[in-house]
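Worksheet: the structure to be examined is printed underneath.
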Amino acid sequence: MSTAEVDGGQVGPTWRERLTKASPVLVLVPSLAASFIYIFVFTIWTLYISLSNSSLLPSYDFVGLSNYVSLWSNRRWNIAYSNLFLFSAFYIVGAMAIGLLLAILIDQRVRGEAMWRTIFLYPLAVSFIVTGTVWSWLYNPVDGIQMLVRGLGWTDFNFALASDRNTAIYAIIITGIWQSSGFAMALFLAGLRSVDPDLVKAAQIDGASTFRTYRKVILPVIAPIFLAVAVIQIQFAIKTFDLVAALTRGGPGISTTFPAIYVYDLMFQRGQIGEGAAAAMMMLAALAVVLVPYSFYVVWRRRKENRHD
Amino acid sequence: MTDATIAAVHDREAAIAGRRHLASRTIIYALLTFFALIYLAPLVILVFNSFREQPEIAQNGLIAFPRSFQLSAWADAWSTYCIGGTCEGMRRNFLNSLWMAVPATVLSTALGALNGYVLSKWRFRGSETLFTLMLLGVFMPGQIALMPWAFILGKLGLTNSTYGLILVHVIQGISFTTLFCRNYYVSIPDDLIKAARIDGAGFWRIFRKIILPLSPPILIVTVIWQFTGIWNEYLFGVVFTSGREQPITAALVALTASGTNVRAYDVMSAAVLIGALPPLLVYFFGGKYFVRGLTQGAIK
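Shown next, in the form of structure tokens:
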């Protein structure tokens with residue numbers, strides 16, 4: 291027996307010590323529990339609703355996949371996901387192209403860099419509701435761009451992008467690009483600045499033009515950023531709701547329905563909760579299809595980098 | 204070749220290079236200006252229209268240089284304009300958003316800082332896995348959570364209340380704030396913590412004396428990210444609240460949708476600006492941190 295135990299009269303840690311030892315876990319528990327419920331319980335819950343015959347109110351009578359069957363045979367859902375593909379393609383390419391152009395322009399040691407960046411990025415600070423509302427006014431043939439151009443003398447100018455069911459989706463694409471090309475710019479610029487200056491210098495000494503230096507030396511180095519930007523934007527495209535709600539509200543007719551609009555509409559306007567939940571599960575599936583391979587790729591790349599270090 | 208001719212050739216080459224340089228500079232600034240105008244136009248149009256008189260807007264269109272001036276649209280938008288029967292302007296919805304975004308930001312940031320501290324400096328078996336699982340929350344589409352939240356908020360008596368939205372935003376935000384803080388705290392040397400522990404400092408003391416004083420940069424990023432995100436959020440706001448209890452985003456959609464009579468663009472412009480102002484102010488005053496949050500949240 292050691293003297294310490296005799297003197298102190300203690301065996302093992304005190305209550306206080308135990309509490310101190312457990313603090314890290316105790317601190318984490320509420321957040322963990324909440325996140326667990328939010329991520330797993332909610333998903334399984336919604337999955338279950340999607341397999342039930344819930345209509346105006348949730349019910350828990352199991353009906354198998356019938357909500358999914360009726361979802362995929364619904365014309366409006368077909369429009370919703372074709373819109374999603376169309377939007378994603380143009381929006382991602384457009385925002386990345388403009389974002390890259392702006393980043394390269396700013397990278398030419400321009401004066402007032404902070405000012406340019408502030409201008410290109412501010413749309414990101416305001417909500418899609420604000421953006422969508424303003425742009426819906428600009429697209430309005432009576433008061434917006436059409437009136438401006440006609441007022442300048444081109445009196446038979448027609449610009450009714452958002453009010454024509456065939457073109458309204460492009461109004462959303464343009465607005466989406468306006469809102470987030472600054473974001474692509476910020477990421478690309480961060481990438482350009484991380485490129486080893488010696489690499490660039492070497493290319494310039496070899497007599498490569500600026501354009502060639504970018505194409506052959508700089509852009510390949512920041513290739514992973516292209517992927518990251520694309521993944522983030524696909525993710526955003528799948529979740530698109532606010533922008534459409536403020537800009538076209540899914541119209542004219544049902545021409546600009548998106549999956550997220552469809553979910554909202556079925557759950558809260560039409561009282562078809564089961565099918566709405568099925569549509570929500572499809573959104574989750576779409577996100578998983580993009581994000582699961584991407585996260586495996588990121589982990590793989592990180593391991594590779596660590597091995598090289 | 205004499206020295207003189209060599210010098211002349213050099214001069215000519217320099218002149219050509221200089222001209223080319225000037226041309227490329229001009230193109231660069233022209234392009235930047237062109238894009239800057241497109242980016243700024245909607246904001247400028249909004250600001251102009253909020254000070255123009257409605258008859259003048261109706262006559263000259265939305266996109267025109269102001270030929271009239273009034274301040275009353277701002278006053279109307281703030282306190283008297285009617286949305287769906289109630290004539291209280293945006294004031295109440297603005298305050299709703301404020302009472303929602305401020306507590307939700309503070310709570311989620313505090314939780315994120317503590318979680319990040321544990322997950323970086325008090326790792327235990329399985330803590331990395333738990334962290335990865337929490338990150339899944341970053342990607343969850345809100346639509347998955349709608350029915351469960353509707354049920355839970357109903358049971359708690361928090362439907363149509365700002366408190367309900369605070370709860371929703373705090374829990375949704377934990378993933379983000381934990382991610383931000385954890386990735387920042389990882390870079391604080393473990394030796395600092397070890398030394399403090401040898402000196403007898405415990406969990407909370409180390410947090411207060413070492414971690415918190417080093418935290419301002421990441422806390423600013425997190426607060427900005429959370430505040431702008433929650434202020435701008437629309438889906439939960441429109442689903443879980445109605446009428447007077449709506450946050451400003453939902454109220455703006457209701458306001459601009461109720462366009463049966465002649466659209467009052469002057470008042471609506473002011474209302475939209477009122478809704479956009481808080482995040483814009485945060486952006487202009489904390490721009491550096493805003494961008495940092497953006498790139499971190501995006502790439503990680």
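Line by line, the protein sequences are chains A and B.
Position one of the first sequence corresponds to residue 291 (this note's numbering), numbered consecutively onward.
Position one of the second sequence corresponds to residue 204 (this note's numbering), numbered consecutively onward.
Glycine residues also receive a C-beta, built at the ideal position from the N, C-alpha and C atoms.
Using a Cβ cut-off of 8 Å (strictly closer), state whether residue i contacts chain B.
| i | result |
| --- | --- |
| residue 333/A | yes |
| residue 406/A | yes |
| residue 389/A | no |
| residue 562/A | no |
| residue 525/A | yes |
| residue 353/A | no |
| residue 663/A | As displayed, chain A neither begins before 291 nor continues past 599, which places residue 663/A out of reach and without an answer. |
| residue 573/A | yes |
| residue 299/A | A caution first: residue 299/A carries a pLDDT of 48, below 50, which makes its placement in the model too unreliable to give a value. |
| residue 398/A | yes |
Tell me, please, which residues DSSP counts as bridged to residue i.
| i | result |
| --- | --- |
| residue 289/B | 286/B |
| residue 342/A | 352/A |
Taking CB distances under 8 Å as the criterion, tell me whether residue i reaches chain A.
| i | result |
| --- | --- |
| residue 292/B | no |
| residue 262/B | no |
| residue 346/B | yes |
| residue 463/B | Because residue 463/B sits at a pLDDT of 49, beneath the cut-off of 50, its placement in the model cannot be relied upon, and the following sentence gives the value as read from the coordinates. Not closer than 8 Å to any Cβ of chain A, the Cβ of residue 463/B fails to qualify, so no. |
| residue 445/B | no |
| residue 479/B | yes |
| residue 350/B | yes |
| residue 364/B | no |
| residue 332/B | no |
| residue 303/B | no |
| residue 369/B | no |
| residue 506/B | Nothing can be reported for residue 506/B, as the shown portion of chain B is limited to 204 through 503. |
| residue 455/B | yes |
| residue 425/B | no |
Any chance the CB of residue i is under 7 Å from a heavy atom of the ligand ADP?
| i | result |
| --- | --- |
| residue 595/A | What this structure holds is no ligand at all, so the ligand ADP is not there to describe. |
If you draw a straight line from the C-alpha of residue i to the C-alpha of residue j, how long is it?
| i | j | result |
| --- | --- | --- |
| residue 463/B | residue 479/B | Note that residue 463/B scores 49 on pLDDT, short of 50, meaning its location in the model is unreliable; the coordinates nonetheless yield the value given after this. Looking at the two C-alpha atoms, the distance is approximately 24 Å. |
| residue 366/B | residue 357/B | 12 Å |
| residue 221/B | residue 376/B | 53 Å |
| residue 265/A | residue 403/B | What is shown of chain A runs 291 to 599, which leaves residue 265/A out entirely. |
| residue 388/B | residue 235/B | 38 Å |
| residue 454/B | residue 413/A | 20 Å |
| residue 409/B | residue 321/A | 21 Å |
| residue 545/A | residue 572/A | 20 Å |
| residue 499/A | residue 508/A | 12 Å |
| residue 383/A | residue 471/A | 10 Å |
| residue 323/A | residue 337/B | 10 Å |
| residue 224/B | residue 367/A | 54 Å |
| residue 306/B | residue 487/B | 22 Å |
| residue 214/B | residue 229/B | 22 Å |
| residue 560/A | residue 377/A | 25 Å |
| residue 252/B | residue 586/A | 50 Å |
| residue 594/A | residue 520/A | 22 Å |
| residue 324/B | residue 393/B | 7 Å |
| residue 490/A | residue 394/A | 14 Å |
| residue 555/A | residue 539/A | 11 Å |
| residue 300/B | residue 450/B | 5 Å |
| residue 479/A | residue 418/B | 26 Å |
| residue 477/B | residue 398/B | 50 Å |
| residue 466/A | residue 533/A | 8 Å |
| residue 482/B | residue 425/B | 14 Å |
| residue 380/B | residue 579/A | 25 Å |
| residue 477/A | residue 259/B | 42 Å |
| residue 325/A | residue 456/B | 30 Å |
My understanding is that residue i touches residue j, with C-beta atoms under 8 Å, so please give their C-beta distance in whole angstroms.
| i | j | result |
| --- | --- | --- |
| residue 430/B | residue 485/B | 6 Å |
| residue 406/B | residue 313/A | 4 Å |
| residue 374/A | residue 548/A | 6 Å |
| residue 335/A | residue 351/B | 5 Å |
| residue 333/A | residue 347/B | 6 Å |
| residue 567/A | residue 339/A | 4 Å |
| residue 293/B | residue 280/B | 6 Å |
Short of 8 Å Cβ to Cβ, which residues in the region 397-417 of chain B face chain E? The chain inventory of the structure shown lacks chain E, comprising the protein chains A and B.
Residues from the region 310-326 of chain B in contact with chain A, defined by Cβ distance under 7 Å: 314, 317, 318, 321 and 325
Give the residues from the region 516-540 of chain A that approach chain B closer than 9 Å (Cβ to any Cβ), ordered along the chain. 518, 519, 522, 525, 528, 529, 531, 532, 535, 536 and 539
If the cut-off is 8 Å on Cβ atoms, which residues from the region 236-262 of chain B count as contacting chain A, listed in chain order? 238, 239, 241, 242, 243, 245, 246, 248, 249, 260 and 261
May I ask you to list, following chain order, the residues of the region 269-301 of chain B that have a beta carbon less than 7 Å from some beta carbon of chain A? none
Selection of the region 432-463 of chain A by Cβ proximity to chain B, strictly under 8 Å: 433, 434, 435, 437, 438 and 441
Can you list, in chain order, the residues of the region 481-495 of chain B whose Cβ is nearer than 8 Å to any Cβ on chain A? 482, 483, 485, 486, 487, 490, 493 and 494
Residues of the region 427-440 of chain B with Cβ closer than 9 Å to any Cβ of chain A, in chain order: 431, 434, 435, 436, 437 and 438
Short-range partners of chain A found in the region 370-396 of chain B, where Cβ spacing is below 9 Å: 373, 374, 375, 377, 378 and 381
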